[in-house]
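Quick notes on the structure that follows.
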Amino acid sequence: MKRFYISLLAILFSTMSFSMSINLANAEGQEFSGKVYDFKWQHIPVVCGESEEVMRYLKDNDFVLDSMSVGKAGSSPDGEPVYFVTYYLNIDETESVSAITSPSGHETCMMYRSFGLKKPGSRT
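Position 60 (the sequence shown) corresponds to 1326 in this note's numbering; numbering is contiguous.
Here it is in structure tokens:
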């Protein structure tokens, strides 16, 4: 009986893994805002692509650069630069996108796109 349960669990986990692989594979090349972009879904809510492709998405969706900073090794102000952080707002400043870019500048990951942005002290 113990062998039966172990076999059942093994089948369940392999089925779940296979299903997750299919879902992740289907996520690539998905439509965003009516257009298809060559992004890859991660296990966290982040999409990554070549920096030019991410910039195309931001331009297509009317986002402009709001701020930029540098991520450093060991989260230390004295550490070596390891990535760039950029924050974008749409034209009416009601949506935002946060992104990180590799030191080479070739790959960028959008951490999130948020809606209903409210800035303290703003009238929107």
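Beta carbons: idealized from backbone N, C-alpha and C, even for Gly.
Rounded separation between residue i and residue j - CA only
i	j	result
tyrosine 1303	glycine 1337	26 Å
valine 1320	serine 1341	25 Å
tyrosine 1349	glycine 1387	31 Å
glutamate 1359	phenylalanine 1381	9 Å
methionine 1334	isoleucine 1366	10 Å
leucine 1324	valine 1313	13 Å
leucine 1331	glycine 1345	25 Å
asparagine 1327	lysine 1301	10 Å
isoleucine 1310	methionine 1376	11 Å
lysine 1306	proline 1347	25 Å
histidine 1372	glutamate 1318	8 Å
Strand pairing of residue i, partner residues [DSSP]
i	result
serine 1335	Val1351
serine 1362	Leu1355 and Ser1380
glycine 1315	Thr1374
lysine 1385	Paired residues: none, contrary to the question.
valine 1330	Leu1355
valine 1320	Answer is none; valine 1320 lacks a bridge partner.
Local conformation of residue i per DSSP, three classes
i	result
serine 1368	coil
lysine 1325	helix
isoleucine 1288	With a pLDDT of 39 at isoleucine 1288, under the threshold of 50, the modelled position of that residue is not reliable, and no figure is offered here.
Top-ranked residue by Cα proximity to residue i, from the options
i	options	result
lysine 1384	Asp1328, Ile1366 and Ser1362	Ser1362
tyrosine 1378	Leu1355, Arg1322, Ala1339 and Ser1370	Leu1355
threonine 1374	Glu1316, Pro1343, His1309 and Arg1322	Glu1316
Nearest-angstrom Cβ-Cβ length linking residue i and residue j, presumed shorter than 8 Å
i	j	result
serine 1364	tyrosine 1353	5 Å
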